[in-house]
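Visitor: Residues in the sequence shown are numbered consecutively from 38, following the working numbering.
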Amino acid sequence: MRYSIHTSFARRGVLLLASVFVLTVVGRLVTTTNAALFCAGWPLCVPTSPIGYVKLFHLILVGMASLVMISVWRKAWREQRHHPLILPLTTVTGVLFFGQAFVGAIEATSHYPTHLVVLHTLTAVALWVSLAMLVFVSGALKEDGVADYQFGWRQRVKDFFILSKPVIVLLLLVTTYGGLVAGGKAFPSASLTLWTLLGGALAAGGSSALNQYIDRELDKNMQRTSKRPLADGRLTAAEGLSYGLALSLVSYYLMAGLVNLLAALLSLAGIFYYVFFYSVWLKKKTVQNIVIGGGAGAIPPMVGWAAATGELSLGAWILFAIIFMWTPPHFWALAIVRIKDYARAGVPMLPVVEGEEKTRRQILIYTVELIAVTLLLPIFNLAGTIYLVSALVLGAFLFYAAWQVWRVGGNKAAWIMYRWSSMYLAFIFLALMVDAVVY
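Here's what the structure looks like:
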C-alpha cells in the first residue's frame, strides 16, 4: 500500500500525530520537573514560579491538540462514514485522547490510585497505536470523501438511539440500581447513582450497538429486526461499529474514574461476555445460546452492588443467579412467537432445534427454578418480609403464565409470558430496593 498525504484528511492526521507527540514530550517534562506543584488549577493555572509555566504550556497544548482532534473526528464522521477502518480508528483515537486527559485529571485529584496510574499508562500506549494506525490507513486515501447523508439529523439521532436498544438498557438499569440499593442497604448518593447508571447505560448501549453490527446481515432475514438501522442501511456498518466502541470505552473510563475499579471491571466483563462470548460465538453455534449467554445480562446488578460496597458478597451472586435463571424462559417465550424468524435466520434457538413442546416444558421448569432462586435472599437473611411477600406473589403470577405456556401453548400464551416476565423482573427488583431500605 502506497502512503501519501495528498488528501486533507491525511494531512490532518499527520498534524494530530505531531500535536500528540509534542504534548507527550511536554507532559513528560511536567512529570519529571514536578511543574504541576507550581501551577494549580484546571483548565488553566496560575504559575507560582518559573517552572510552573511548563504546566501552563502543557494545558494550552492540550487545548490546541483537542481542537485538532475534534477537527479530525468531525471530518471522519462527515466524509468517511463508509470506510471500515478510518471511522472506527478515528473514533477510538478520539475517545482514547480525551480519556487520557480525563484519567490524568482524576489522578491528580484522587492522590494517584494505582489502577488509574495503570489505566493512564495503558491509555497512552493504546492512543499511540491507534493514532499510528489511523495515520497509516489515511495515507492510502486517494481523495477526500464527501458528506452523503441519506437522512436528516433527526432521523440519524433516532437511529443511533435505537442502536442502543433503549428498552433493554432501561431494564438493565433497573437491575443495576437494584444492586446499588441492595448492596448499600440505602439509597445511594446522587453522584454515585449518576455515574453508576450513566456508565451502565453506556456499557449496555455500546454492547447492543456492537451486537447489531455483528448481526447486521442476520437481522435482514428476520421480520422483527429487518428495520434496525444497520440492517436497513440507514446507518453504515462503520458507524455502528464506531458508535458501539465509543460508548463501551467511555463507559469504562467513567466507571474506573468516578465509581471504582471492581464496578468498572465487571461492566467491561459484561461487554466482552455479550459481544464476543454470546454474539460472536454462542448465538449461532448452540441451542444453549440463551442459557449460557444469560450471564451477560446478569452482570449489571453485580456492577451496582460493587459500586455501593466495593466487593461482591453472597447477595450479589444471588442477584446474578436470579437474572441468569430468568433469561431462558423470557427469551424462549419470544422464540416461540418468532420461531419462523429464527429458523429463517439460521439461529439455533430451542424451539427451532428441539421443537415447541420441549421448549414449553423447559420454560415451566426454569420458571420454577427461578422462583426458588428468588427465595434464597430471605433464606440467607439477606432480605426481609416485603421482599419475601413480593417474591411469592410475583412468582405466583409468573408461574401461572408459564403453566399456561406449557398446558395451553400457542403464540398468545407465549407472548403473555414474554411480557409478564419483563414486568416480573422490574417489579421484583423494585421490591428488593424497598425492602433493602426498610429492612
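Even glycine gets a Cβ: it sits at the ideal position worked out from N, Cα and C.
Go through the segment 203–282 residue by residue and report every complete run of the alpha helix (DSSP H) that reaches 4 residues or more, in order.
Guide: Listed in chain order, the complete alpha helix (DSSP H) runs (minimum 4 residues) inside the segment 203–282 are 203–221, 227–251, 253–256.
Visitor: Taking only the alpha-carbon atoms, compute the straight-line gap between Ser-427 and Ile-355 and give it to the nearest angstrom.
Guide: Taking the straight line joining both Cα atoms gives about 17 Å.
Visitor: Buried or exposed: Met-470, going by 16 or more other Cβ atoms within 10 Å of its Cβ?
Guide: With 16 or more Cβ atoms within 10 Å of its Cβ, Met-470 is classed as buried.
Visitor: Between which two residues does the alpha helix (DSSP H) holding Gly-50 run?
Guide: Element bounds for Gly-50: 45–70.
Visitor: Which whole-angstrom value is the C-beta distance of Val-129 and Ser-167, which I expect to be below 8 Å?
Guide: Right, the Cβ-Cβ distance comes to about 5 Å (below 8 Å), so this counts as a contact.
Visitor: For the alpha helix (DSSP H) that Ile-465 lies in, which residues bound it at each end?
Guide: Per DSSP, Ile-465 belongs to the alpha helix (DSSP H) from 447–475.
Visitor: From this set, Thr-422, Leu-462, Leu-96, which residue's C-alpha is nearest Trp-79's C-alpha?
Guide: The shortest Cα separation from Trp-79 among Thr-422, Leu-462, Leu-96 belongs to Leu-96.
Visitor: Nearest CA to the CA of Gly-50: which residue from Glu-391, Ser-175, Trp-443?
Guide: Considering only alpha carbons, the answer is Ser-175.
Visitor: Once the 5 residues before and after Leu-414 are set aside, which same chain residues still bring their CB inside 6 Å of it?
Guide: These residues qualify, in order along the chain: Ile-355, Ala-420.
Visitor: By DSSP, does Val-324 sit in helix, in strand, or in coil?
Guide: Three-state DSSP puts Val-324 in coil, outside helix and strand.
Visitor: Nearest CA to the CA of Ile-251: which residue from Leu-81, Leu-52, Pro-266, Tyr-186?
Guide: The candidate whose alpha carbon is nearest that of Ile-251 is Pro-266.
Visitor: Using the rule of at least 16 other Cβ atoms within 10 Å of the residue's Cβ for burial, across every protein chain shown, is Thr-160 buried or exposed?
Guide: That one is buried.
Visitor: Does DSSP classify Asp-181 as helix, strand or coil?
Guide: In the structure shown, Asp-181 sits in coil (DSSP, three-state: anything other than H, G, I, E or B).
Visitor: Could you tell me the alpha carbon to alpha carbon distance between Pro-225 and Tyr-437, rounded to whole angstroms?
Guide: About 35 Å.
Visitor: To the nearest whole angstrom, what separates the beta carbons of Ile-327 and Tyr-310, a pair I think is in contact under 8 Å?
Guide: Rounded, the Cβ-Cβ distance is 13 Å, inconsistent with contact.
Visitor: Return the first residue and the last residue of the alpha helix (DSSP H) that Ala-380 is part of.
Guide: Start and end: 376–382.
Visitor: Does the beta-carbon of Glu-391 have 16 or more other beta-carbons within 10 angstroms, so that it is buried, or is it exposed?
Guide: Looking at its Cβ environment, which holds fewer than 16 other Cβ atoms inside 10 Å, Glu-391 is exposed.
Visitor: Measure the alpha-carbon distance for Arg-397 versus Arg-381 and round it to whole angstroms.
Guide: Spanning the two alpha carbons is a distance of roughly 21 Å.
Visitor: With the cut-off set at 8 Å, would you say Gly-17 and Ser-316 are in Cβ contact?
Guide: For residue 17 there is no data in the structure shown, the boundaries of the chain being 38 and 476.
Visitor: Output the distance between the C-alpha atoms of Pro-338 and Lys-322, rounded to the nearest integer angstrom.
Guide: Whole-angstrom Cα-Cα distance: 28 Å.
Visitor: Taking DSSP as the reference, what is the three-state secondary structure of Tyr-186?
Guide: Tyr-186: coil per DSSP, three-state reduction.
Visitor: If you draw a straight line from the alpha carbon of Ala-240 to that of Lys-195, how long is it in whole angstroms?
Guide: Those two C-alpha atoms are separated by around 19 Å.
Visitor: If we ignore side chains and look at the alpha-carbon of each, how far apart do Thr-230 and Tyr-214 end up?
Guide: Taking the straight line joining both Cα atoms gives about 8 Å.
Visitor: Could you name the residues of the same chain whose beta carbon sits closer than 8 Å to that of Ser-459, not counting the 5 residues immediately before and after it, in chain order?
Guide: So the list reads Leu-208, His-367, once near-sequence residues are dropped.
Visitor: Which residues in the same chain as Leu-235 place their Cβ atom closer than 7 Å to its Cβ, once the five residues preceding and following it in sequence are excluded?
Guide: Here the set comprises Leu-291.
Visitor: My guess is that Thr-273 and His-119 are in contact by the Cβ rule of under 8 Å, so how many angstroms apart are they, rounded?
Guide: About 5 Å; that satisfies the 8 Å criterion.
Visitor: With Ile-308 and Gly-243 assumed to form a contact (beta carbons below 8 Å), what rounded beta-carbon distance in angstroms separates them?
Guide: Yes, Ile-308 and Gly-243 are in contact; Cβ-Cβ is about 7 Å, under 8 Å.
Visitor: Expressed to the nearest angstrom, what Euclidean distance is found between the alpha-carbon atoms of Lys-377 and Leu-98?
Guide: Approximately 58 Å between the Cα atoms of the pair.
Visitor: So Val-57 packs on Ala-102, CB below 8 Å; how close in whole Å?
Guide: Right, their Cβ atoms sit about 6 Å apart.
Visitor: When the Cα of Thr-127 is compared with those of Ala-275, Ala-353, Tyr-461, Phe-314, which residue comes out closest?
Guide: Of the candidates Ala-275, Ala-353, Tyr-461, Phe-314, the one whose C-alpha sits nearest the C-alpha of Thr-127 is Ala-275.
Visitor: With DSSP run on the structure shown, which of helix, strand or coil describes Tyr-403?
Guide: In this structure, Tyr-403 counts as helix in the three-state DSSP scheme.
Visitor: Can you list, in chain order, the stretches of the beta strand (DSSP E) that have 3 or more residues and sit fully within the segment 75–117?
Guide: Runs of the beta strand (DSSP E) inside the segment 75–117: none found.
Visitor: Is DSSP giving Glu-393 helix, strand or coil here?
Guide: DSSP places Glu-393 in helix when its eight states are reduced to three.
Visitor: Going by beta-carbon coordinates alone, are Met-362 and Tyr-403 separated by less than 8 Å?
Guide: The answer is yes: Cβ separation under 8 Å.
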